[in-house]
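The structure appears below as structure tokens.
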Amino acid sequence: MGKLPEGVYAELDERLGPVDARLRARYPGGRGRRQPVHTVYVPADRVRPGLIDEWGAAALRALTEHPPLPFAAELADRVIGKLRREPIEDLRIDFEDGYGVRDDDSEDTSARSSVAALREGRMPPFLGLRIKSLEAATRHRAVRTLDTFLEAYLGAFATVPDTFVVTLPKVSAPEQVDAMVLLCARLERASGLPAGALRFEVQVETPAAVLGADGTATVARLITAGGTRLSALHYGTYDYSAACGVAAAQQSLAHPVADHAKAVMQVAAAGTGVRLSDGSTNVLPVGGTEAVQAAWRLHAGLVRRSLAAGFYQGWDLHPAQLPTRFAATYAFFREGAAAAGDRLARYLQRRAGGVLDEPATARALAGFLLRGLDCGALDPAEVAFAREHLEAL
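395 is the number that the numbering used here gives the last residue of the sequence shown; the numbers go up by one with no jumps.
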């Protein structure tokens, strides 16, 4: 034993106990659920029965019409199978920029008809809607649309799944997130939903959402305001770039202003359980084969870049972007799976190797393999660890 009296231990525990509690609440770690690799935004008036199958068929048709395949031949069966089985992982019914400004009757009708289309068609694993912003000009319409959609949805399905999420765009201040938390609680009470059933994600597409006028990182305050209802932060490529003064021709996921915003988002969200999504590219694979192939190369490169940066989700705006979304994602996980499995095995067996890993890295390795399994890049037989073991890590 040392020379310190026993009371010092209790003194430190008493002093740091409140800090321990705050850190546990703020940084609970990952939430242990599958994260979709993409979100597909479809204007509400274009949501119809069979939409998911239509997107899958259109993606497959693009591969046939514009050879060669935009990915390695060994990925062909896996990617084509995904396009047939699950072409859209996360569907977001859009009432904002992609939908535009309509009269109230038209938007009410779209809210109800989109639910009817969901009831008649195939449901994606993840689902939600993007309302208009809570800024003054669109606030009442945003609330009315969410209320109308939920009334129709609960009438058709009785409850909302835990994969349902509302996207809140153009957030600039924590008070808007506070208001969204309040709105969710009021809607739950009015609709008979259990407390906490409604969750939302925030789109970071204004400079004020990243850096406040007082010099603080606003995005960290958004996470605090959202609490357990906030599921994700999504980067908005074009609104953000334009607001920063970037010329239209230079706006991109790979622009330095995008990298700065996403780095701040990443640091603010680390350890909180709030997930991250990169944005979109508006260079679509349409037109002649040369143009389609060029767009595929661009999209695949951007997807791979996002994955390497730790952004495991992004936006897709067109069916022909699906092949490169899945191909780039599958290639990323398949190329890294063997090394990740070997490093994890060495860590668990405490064997020396060329890389000395720590517990945090072991958790990251397990998370990498789980993501590969969840999206279909890896088959269980290809991973040397049981899923339960990876989840425990």
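For every residue, glycine included, the Cβ atom is placed at its ideal position computed from N, Cα and C.
C-beta contact flag for residue i and residue j at 8 Å
i	j	result
Gly435	Glu207	Absent from the structure is residue 435, since the part of the chain shown begins at 3 and ends at 395.
Ala211	Thr220	yes
Leu319	Leu286	yes
Lys264	Asp241	no
Leu255	Ser174	no
Ala46	Ser112	yes
Leu224	Pro176	yes
Asp110	Thr150	yes
Lys2	Glu203	The shown model of the chain, from 3 to 395, leaves out residue 2, and the question about it has no answer.
Ala64	Ala322	yes
Ile133	Ile90	no
Between the CA atoms of residue j and residue i - distance to the nearest angstrom
i	j	result
Arg36	Val10	44 Å
Val183	Ser193	15 Å
Phe387	Glu88	25 Å
Pro70	Glu292	11 Å
Phe328	Glu337	14 Å
Gly228	Ile82	38 Å
Ala251	His68	26 Å
Leu14	Ala27	20 Å
Ala12	Leu18	10 Å
Leu77	Gly123	29 Å
Ala158	Gly58	25 Å
Residue i, DSSP secondary structure in three states
i	result
Leu213	coil
Tyr43	strand
Thr165	coil
Phe128	strand
Leu170	strand
Gly31	coil
Arg104	coil
Leu93	strand
Asp22	helix
Gly316	strand
Best match in the options for proximity to residue i [C-alpha to C-alpha]
i	options	result
Ser135	Val39, Thr169, Leu395	Thr169
Arg299	Ala310, Gly275, Ala330	Ala330
Phe313	Val21, Ser282, Ala383	Ser282
Pro163	Gly130, Pro20, Leu77, Val204	Gly130
Thr363	Tyr349, Gly374, Leu372	Tyr349
Ala197	Phe166, Arg231, Pro209, Ala215	Arg231
Thr147	Gln178, Asp105, Met125	Asp105
Arg38	Arg373, Ser116, Arg389, Asp216	A small correction: the amino acid at residue 38 is Pro; Arg does not occupy that position in the sequence shown. Ranking the options by Cα distance to Pro38, first place goes to Arg373.
Gly369	Asp92, Ala383, Glu390	Glu390
Paired residues, beta bridge with residue i - DSSP
i	result
Ala234	Glu203, Arg277
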